[in-house]
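Worksheet for the structure shown next.
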Amino acid sequence: MGSSSVITPEDVLESLMNDGTIDALRLKIINQLKANEELKNTTIKMAAQSKVLNTSGAEKQTKRELFDALRQELETPVLERASKAVWELILDSNGLGKEISETVERVFCKLSGREPPLFPHSNDIVLQPEKAVGNEKRKGKEKEYEIERENSKSKSKKRSFNDMNAEGNATDITGTSGDTPAAPHDAN
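Numbering-wise, the sequence shown is residues 1326 to 1513 according to our numbering.
Right under this line is the structure:
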């Protein structure tokens, strides 16, 4: 693609998917989630306090019955916490989030024939007071956009590409879908 053509987000995403970058980033996210002791401990605590396990007669149920009931009880709150942890990783301006931003920018520059960096990274700039005011205005505009976007969701049944992609990634990250139960893994 020459520098005269318009590079879309889909072009960048396709390039990242084709060269294996998305898979590598997904693996890094999964490994960081697995290493997240706070997430592990919270999940263990939730299971220990589970109504399913603490109901009389639970010891008479099969492992499969217990697992299915536990999954029904805890799947949503556990996935919500995992999702929050994933977003924290993705948005981290010093860790994986920075790597993702730089990778996307590098691919965009490669596709468009431009030289990186397109935008100076915030860590490289010391904000002057007048620049800080500009950033506050920008943050205000971003908040207005978020509110407008939320309001428009209720009017339209259409989902954006980002919304569908985020929904798909939640399934990819866990390695399971809502239709088929995952088999429990023995700790032994």
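For glycine and all other residues, C-beta sits at the position ideal for the given N, C-alpha and C.
- Only residues of its own chain outside the window of five on either side were considered, and among them L1341, T1346 and L1350 have a CB closer than 8 Å to the CB of T1428, listed in chain order.
- In terms of Cβ geometry, V1331 and F1433 do not form a close pair [threshold 8 Å].
- In this structure the region 1390-1401 does not lie against the region 1411-1419, because fewer than three pairs of beta carbons, one per stretch, are closer than 8 Å.
- The straight-line gap separating the alpha-carbon atoms of K1423 and K1353 is approximately 13 Å.
- It is roughly 25 Å from the alpha-carbon of R1439 to the alpha-carbon of G1420.
- Sixteen is the threshold: when 16 or more other Cβ atoms of the shown chains lie within 10 Å of the Cβ of L1395, as they do, the residue is buried.
- Assignment of A1360 by DSSP, reduced to helix, strand and coil, places it in the coil class.
- The beta-carbon distance between V1403 and T1368, rounded to whole angstroms, is 5 Å. This is short enough to meet the 8 Å contact definition.
- The shortest CA-to-CA distance from L1358 to any of R1431, R1406 and S1418 is the one to R1406.
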